[in-house]
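This report concerns only the one structure given below.
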Amino acid sequence: MAKRLDIQDLNLHYGKFHAVQDVSLQVHARGVTAFIGPSGCGKSTVLRALNRMHEVIAGARVEGKVLLDGEDVYASNVDPVQVRRTIGMVFQRANPFPTMSIRDNVVAGLKLAGEKNKKHLDEVAERSLRSANLWEEVKDRLNKPGGSLSGGQQQRLCIARAVAVQPDVLLMDEPCSALDPISTLAIEDLIAELKKDYTIVIVTHNMQQAARVSDQTAFFNLRAVGEPGQLVEIEETGKIFSNPNQKATEDYISGRFG
Amino acid sequence: MRTDTADVERPATAPTFQHIGIGRRLKNHTATGLFTVSFLVAVVPLLWVLYTLLSRGLVPMLSADWWSHSFYGLLPNDFGGGIYHALVGTIEQSFVAAVISVPLGVTVGVFLIEYGKDSRLASTATFMVDILSGLPSIVAGLFVYALWITTFGFPKSGFAVALSLVLLMLPLVVRTTETMLRIVPDDLREASYALGVPKWKTILKVVLPTSLSGILTGVMLGLARIMGETAPLLILVGYARSINFNLFSGPMASLPLTIYTERKTPTEAGDARMWGAALTLVLVIMLINLLATLISRLFAVKTK
Ligand SMILES: Nc1ncnc2c1ncn2[C@@H]1O[C@H](COP(=O)(O)OP(=O)(O)OP(=O)(O)O)[C@@H](O)[C@H]1O
Ligand SMILES: [Mg+2]
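These protein sequences, in sequence, are chains C and S. Numbering-wise (numbering that gives the first Met the number 0), the first sequence opens with residue 0 and increments by one. Numbering-wise (numbering that gives the first Met the number 0), the second sequence opens with residue 0 and increments by one.
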């Protein structure tokens, strides 16, 4: 189930803009890897490159390799649709499908893949909503549209939707930025639960969160505005937060950044 | 512009909110007046048209036979008869035009927005649609006449009219589809891709349902537009005062053609027929517009 990710010499461009330069790192299976770094340093960009969402943007380009258990997801004979089925994603902005009910949002991945068994879909919906800590709030209005939820509820709906398809790797881009402390804790519990079976990469601006949930942490930075973002270092989380190798990392973590 | 500062109870600081000055009030009233006048100028002619239509067209329309009979066998001075023949023609012709242009137009719109983006083919197609949307209806009629009737040798018919209406409706459908697809946020497409849903399925199950209400509304408005087109009718089909269901042969009436033809009958009865047809046409178009509003409500993305 869980798979390892090997990122080798990744360079990412938006048209002429070189957004991320020479990133190489390993994401361990059955573990949580946190990406931290200042706004605009390319965390989301790297994350989106891992399941081939980067190329969806017009003009965006990828160089380098992303190996999933040794298989290059960018190999010419690999179908990006299959990559995304294997590597799921929760976006920085909540994006529920406005035409679908809450329940249908959660099981959208399965339904659109052709699953018709209503009972099975209902089970998956409940299980996923429970793990995203949303079930109690929506169980009486599963047929209401997804857009009727609050911002934080929508974000948890999106998490439930991503979990419902049971990907091998789950990429989460600031999943808790719109959530209250209780839901945040619930999501962190979910992450702890999921990492028994899945590989998780999480982008977060919350240092405590990175320290709480992750096994290893990657710090990204950019030398100056307009310059490409780079990986400064990736280390075991405990080490990053107690004794990082680079001064830049220490400055950032201790709030002396900028 | 402060008043009664003499009040000793008040603190000596300036009030946060100042009273609205005379100048502001004056400007406000002038603007309100201007808006009211422009509104009247715009609405009066409209009401006038409606009044004229109703005062002249309502009497013939109220006769029992109006919705079920044709003008068949009526002499120039005979009152009575009905509009059924023209209604059949208008509905059949525009319905067939819609059946052809909606799938075609939606497909082109989807291609342009979802697949074409910056490709050569897409920019050419957009250019063609631009030209087509400015095409005068008489030219559309002439074109179909030259191609369908002169070159291919088919007879004049209601279907030829439908073909010319396709030329007029197609750009409307393409445009609406383009506009409506463009306002679907990319976030939704990405959400779907990230679940491992292929692009075509994303378009079919996520993007199109999200924009369905807008596209359908546009289609209905396009339909309302082509129902009143007259020029192609004059070229492509003969007028019949009897009922003809067959789009492919024989002369066939329609509401605009009936108005045009009956105008040539210089009698009071002819006048009544003409105005009756005119009122009927306006009613039909209003009905379609109403339906468009209804559809847009019915299929709108729900938030509650
Ligand atoms: N769609 C896009 N088109 C062009 N440039 C983009 C696009 N998305 C991001 N960028 C640029 O790429 C760089 C990295 O952006 P990215 O979104 O990866 O930053 P981030 O580290 O996720 O920041 P944040 O913490 O604010 O989310 C930024 O300079 C940004 O302006
Ligand atoms: Mg980001």
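The beta carbon of each residue, even a glycine, is placed where N, CA and C say it ideally should be.
Whole-Å CB distance - residue i paired with residue j, under 8 Å assumed
| i | j | result |
| --- | --- | --- |
| G39(C) | V19(C) | Wrong, their Cβ atoms sit about 11 Å apart, outside the cutoff. |
| V232(S) | V160(S) | One point to set straight first is that residue 232(S) is Leu, not Val, in the sequence displayed. Confirmed, Cβ separation roughly 6 Å. |
| D5(C) | L46(C) | That belief does not hold up - the Cβ atoms of D5(C) and L46(C) are roughly 15 Å apart, past 8 Å. |
| L178(C) | G151(C) | 5 Å |
| I225(S) | L167(S) | 5 Å |
| E50(C) | V80(C) | Residue identity check: residue 50(C) is Asn in the sequence provided, not Glu. Not confirmed; about 11 Å, so no contact. |
| L109(C) | V164(C) | 6 Å |
| L131(S) | P170(S) | 4 Å |
| T266(S) | P75(S) | 5 Å |
| L254(S) | G56(S) | That belief does not hold up - the Cβ atoms of L254(S) and G56(S) are roughly 12 Å apart, past 8 Å. |
For residue j and residue i, the rounded distance between their alpha carbons
| i | j | result |
| --- | --- | --- |
| E122(C) | V89(C) | 21 Å |
| G228(C) | V31(C) | 22 Å |
| L235(S) | L180(S) | 35 Å |
| E261(S) | R272(S) | 7 Å |
| Q91(C) | A190(S) | 11 Å |
| H53(C) | A193(S) | 11 Å |
| K204(S) | G217(S) | 20 Å |
| P243(C) | E234(C) | 8 Å |
| L230(C) | L222(S) | 58 Å |
| T33(S) | R296(S) | Per the sequence shown, residue 33(S) should be read as Leu rather than Thr. Spanning the two alpha carbons is a distance of roughly 33 Å. |
| I239(C) | T216(C) | 7 Å |
| S130(C) | P197(S) | 26 Å |
| S241(C) | S23(C) | 23 Å |
| S163(S) | V106(C) | 46 Å |
| L73(S) | D129(S) | 45 Å |
| R24(S) | T31(S) | 10 Å |
| K301(S) | F96(C) | 11 Å |
| A121(S) | T203(C) | 40 Å |
| N220(C) | G36(C) | 6 Å |
| V138(S) | T149(S) | 15 Å |
| V40(S) | H28(S) | 18 Å |
| A187(S) | R160(C) | In the sequence on display, residue 187(S) carries Leu and not Ala. Each residue's alpha carbon lies about 13 Å from the other. |
| V93(S) | K117(C) | Val is not the amino acid found at residue 93(S); the sequence shown has Ser there. So the alpha carbons of these two residues sit roughly 41 Å apart. |
| R102(C) | L141(C) | 5 Å |
| A93(C) | S212(S) | 23 Å |
| T51(S) | I90(S) | 25 Å |
| V165(S) | V173(S) | 12 Å |
| I201(C) | F34(C) | 6 Å |
| N243(S) | G237(S) | 11 Å |
| A124(S) | G108(S) | 10 Å |
Helix, strand or coil at residue i [DSSP, three-state]
| i | result |
| --- | --- |
| L141(C) | coil |
| L134(S) | coil |
| D103(C) | helix |
| G249(S) | coil |
| H18(S) | coil |
| G257(C) | Here the model assigns G257(C) a pLDDT of 46, short of 50, so the residue's position is not dependable, and the following value carries that caveat. It is coil, neither helix nor strand. |
| G227(S) | coil |
| Y13(C) | strand |
| V200(C) | strand |
| D5(C) | strand |
| N304(S) | Residue 304(S) is absent from the structure shown; chain S starts at 0 and stops at 303. |
| T12(S) | coil |
| M0(S) | Unreliable placement is indicated for M0(S), whose pLDDT of 49 sits below 50; the coordinate value is still reported in the next sentence. M0(S): coil per DSSP, three-state reduction. |
| K64(C) | strand |
| A217(C) | strand |
| T266(S) | coil |
| E91(S) | helix |
| I56(C) | coil |
| T98(C) | coil |
| D71(C) | strand |
| D21(C) | strand |
| I82(S) | coil |
| L170(C) | strand |
| E189(S) | helix |
message: Strictly closer than 7 Å from CB to any heavy atom of ligand 2: give me those residues in the order they appear in the chain.
response: K42(C), S43(C), Q91(C), D172(C), E173(C), V202(C)
query: Closer than 8 Å, Cβ to any Cβ of chain S: which residues of the segment 94-119 of chain C, in chain order?
result: N94, P95, F96, P97, T98, A107, G108, L111, A112
Contact residues within the segment 149-166 of chain C, judged by C-beta distance below 9 Å to chain S: C157, R160, A161, A163, V164, P166
- prompt: Residues in the segment 51-68 of chain C with C-beta within 7 Å of chain S's C-beta atoms, listed in sequence order?
  reply: M52, V55, A57
field: Interface residues of the segment 201-213 of chain S facing chain C [CB-CB below 7 Å]
entry: K204, V205, P208, T209
query: Using a beta-carbon distance cut-off of less than 9 Å, what residues from the segment 254-271 of chain S approach chain C?
result: none
- request: Residues of the segment 161-188 of chain S with a CB closer than 7 Å to any CB of chain C: list them in chain order, please.
  value: D186, L187
message: Using a Cβ-Cβ cutoff of 9 Å, what residues of the segment 129-149 of chain C are near chain S? List them in chain order.
response: K143, P144, G146, S147
- request: Would you list, in chain order, the members of the segment 110-132 of chain S that have their beta-carbon closer than 8 Å to a beta-carbon of chain C?
  value: K116, D117
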